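In terms of the numbering used here, the sequence shown has 161 at position 177, counting the first letter as 1, and numbering is strictly consecutive. Heads up, the thing below is written out as structure tokens.
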Amino acid sequence: MNWLKGFWLKIGIIIIAIFGLSAPVPAEEEKIKELEEKVEILAEEIEKMKVFELIPELGKEGRYGFGPAASKVYGIGKGISLAGYGEIFARFFDKNEQFNFNPSSATDTLTHLRDDSDMLRFVIYAGYKFTDSIVFNSEIEFEHAKTSAGPDTSAGEVSVEFAYLDFLTHPAFNIRGGLLLIPVGIVNELHESPTYHGVFRPETEQVIIPTTWRENGVGIFGEIVPGLEYRLYTVAGLVTNSRSTTGNATLKFTHDSGIRGGRQQGVRSITEDMAYTARVDYRGIPGTLVGASIYTGNAHLPAGNNLPDTSVGITLWDAHLKAEYQGFELRALYASGEIDDAQEINKRANIRLASDTTVDGRWSERSIGEKFYGYYVEGAYDVIPLFWPGSIRYFAPFVRYEKYDTQDGVPSGYRDLSETEREVKTVGISFKPHPNINIKADYQAKDDFLSDQYNLGLSWMF
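Written out as structure tokens, the structure is:
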């Protein structure tokens, strides 16, 4: 029996040892709890990294002048990249009608206005990184929620905004070819809605600089020294009017929308007349961008009114500034353009001289502007840090003043239309519950002959 007692004694010692070793002492329990908390914190940080690896921190331009979402492909290791943005708006007019100059009849025509809302844009960025030095990037845009064939003027469209290949050879010298964004102004390259104030883009950068402006071409870009960037492209030129070998041509350049209608947008672009565009930006001061750009070359002038094909020279330049400091934000831009031999465009559309007594003198007011300009100044202040320091949220009241004129000068013998000189005053707010989401509201006060309007907008990017 002694051996049996000894056996059970040994078994008991083993059991006690096992459970004794497995049972944590209080100090070990605290260590385990501390480790569990660290694991939870680490998991949260990993989730944040997953979000922010998709899009760089909002308020930065991304890479090579593009917006944050458009730059995603440059930040991946290799393979496919997907990103995008979208925006929807509602607008409410202060008046239900306004008078506009009708170029078809050369008279002021009453236009009825209706409050509306629109799924303005949904954009997909698709990119592919072949190697560290060869990158493809593209933007495919869906406008106005749907597309349809036929006479439905409210139908939307699907278009390729850009599609290019980058050959990254050296920080100071890289090659780009394809359907390119023209590197002028602020918004044309950086046009993702959450990145700017206001439900709508500044009118100066819609009319004087015809955002979004893209064209087939090739060029070089890089950073010469830290903070000093450049882009230099050769692209297909603009087209001033539709071709007509017998009758009057239909204008693409117009008295009130400037050169906007002359964009070929990479669609079977006529390359008989080429243009050149260059841009320089300096980012050497933290939070600040200051730069200038120029677009110059020939615009194709097709036959019309029994006059042959030819070309006219065009030059558009701008100077721009962006600055951020302790919650304050400033944007400013000035743009100016000139068209050589603008009277040749008028002749092909049979726009008569003011002295022509066979027609009403107002017909000459349809003249293309040979000089045009626009500018705006915008200020904003993020108030969130005053109340919740360190928060990712953002709430900024802003104000913007802009003025532009598409007929700052007209060819000799023609009249300008006073309504082409316009002022727009915008005041509103931008609220970002997340850095990549912008909820907007603003009020726009326009000239007396135009209706003021209230705008609401929702935009996002990923």
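Ideal placement from N, C-alpha and C gives every residue a C-beta, glycine not left out. On a predicted model such as this, the values are computed, not experimentally measured, just so you know.
Between the options, which lies nearest to residue i when the distance is taken from Cα to Cα?
i, options, result
"residue 379", "409, 386, 370, 387", "370"
"residue 356", "12, 157, 193", "193"
"residue 445", "324, 187, 52", "52"
"residue 322", "315, 298, 335, 338", "298"
"residue 177", "307, 250, 107, 386", "107"
"residue 313", "338, 280, 290, 364", "364"
"residue 119", "184, 153, 293", "153"
"residue 278", "261, 293, 291", "261"
"residue 263", "319, 216, 426, 151", "216"
"residue 188", "406, 420, 433", "406"
"residue 104", "419, 184, 165", "184"
"residue 139", "147, 146, 145, 130", "130"
"residue 212", "431, 49, 435", "49"
"residue 179", "239, 431, 315", "315"
"residue 126", "292, 347, 18, 69", "69"
"residue 221", "61, 175, 163", "163"
"residue 165", "366, 157, 121", "121"
"residue 149", "307, 155, 115, 186", "115"
"residue 265", "214, 58, 223, 374", "214"
"residue 257", "227, 223, 84", "223"
"residue 145", "110, 156, 132", "110"
"residue 100", "113, 72, 82, 94", "72"
"residue 197", "204, 175, 206", "175"
"residue 66", "310, 82, 112, 302", "112"
"residue 401", "433, 381, 372, 374", "433"
Would residue i pass as a contact of residue j if the rule is Cβ separation under 9 Å?
i, j, result
"residue 416", "residue 428", "no"
"residue 143", "residue 124", "yes"
"residue 362", "residue 384", "yes"
"residue 267", "residue 349", "no"
"residue 259", "residue 276", "no"
"residue 288", "residue 236", "no"
"residue 286", "residue 333", "no"
"residue 325", "residue 296", "yes"
"residue 250", "residue 199", "yes"
"residue 387", "residue 358", "yes"
"residue 422", "residue 442", "yes"
"residue 280", "residue 328", "no"
"residue 117", "residue 76", "no"
"residue 352", "residue 239", "yes"
"residue 439", "residue 431", "no"
"residue 360", "residue 317", "yes"
"residue 80", "residue 98", "yes"
"residue 397", "residue 337", "yes"
"residue 368", "residue 418", "no"
"residue 414", "residue 424", "yes"
"residue 78", "residue 437", "yes"
"residue 206", "residue 161", "no"
"residue 241", "residue 390", "yes"
Which of the three DSSP states, helix, strand or coil, is assigned to residue i?
i, result
"residue 372", "coil"
"residue 178", "helix"
"residue 58", "helix"
"residue 347", "helix"
"residue 188", "helix"
"residue 98", "coil"
"residue 41", "The predicted position of residue 41 is uncertain, since its pLDDT is 43 and thus under 50; a value taken from the coordinates is nonetheless stated next. Coil at residue 41, not helix or strand."
"residue 249", "coil"
"residue 354", "coil"
"residue 36", "Caution is warranted here: a pLDDT of 45 is assigned to residue 36, below 50, making its placement in the model unreliable, and the coordinate value is therefore given only provisionally. In the structure shown, residue 36 sits in a helix (DSSP, three-state: H, G or I)."
"residue 333", "coil"
"residue 5", "In this prediction, residue 5 has a pLDDT of 43, which is less than 50 and means its spatial position is unreliable; nothing more can be read from the coordinates."
"residue 326", "helix"
"residue 463", "No answer is possible for residue 463: it lies beyond the span of the chain, which begins at -15 and ends at 446."
"residue 238", "strand"
"residue 14", "helix"
"residue 131", "coil"
"residue 399", "coil"
"residue 377", "coil"
"residue 19", "helix"
"residue 218", "strand"
"residue 47", "coil"
"residue 445", "strand"
"residue 255", "coil"
"residue 436", "coil"
* **Three CB pairs or more closer than 8 Å across the region 241 to 249 and the region 267 to 276** => These segments do not touch.
* Asked: Within the chosen definition, does the region 159 to 179 reach the region 187 to 207 through at least 3 CB pairs nearer than 8 Å?
  -> The region 159 to 179 makes contact with the region 187 to 207, as at least three CB pairs between them are under 8 Å.
* What residue ranges within the region 258 to 306 form continuous beta strand (DSSP E) runs of no fewer than 3 residues, ordered along the chain? -> The region 258 to 306 contains these whole beta strand (DSSP E) runs: 258 to 266, 272 to 285.
* **Length at least 3, wholly inside the region 139 to 181: the beta strand (DSSP E) runs in chain order** => List check, beta strand (DSSP E) in window: 141 to 154, 157 to 165.
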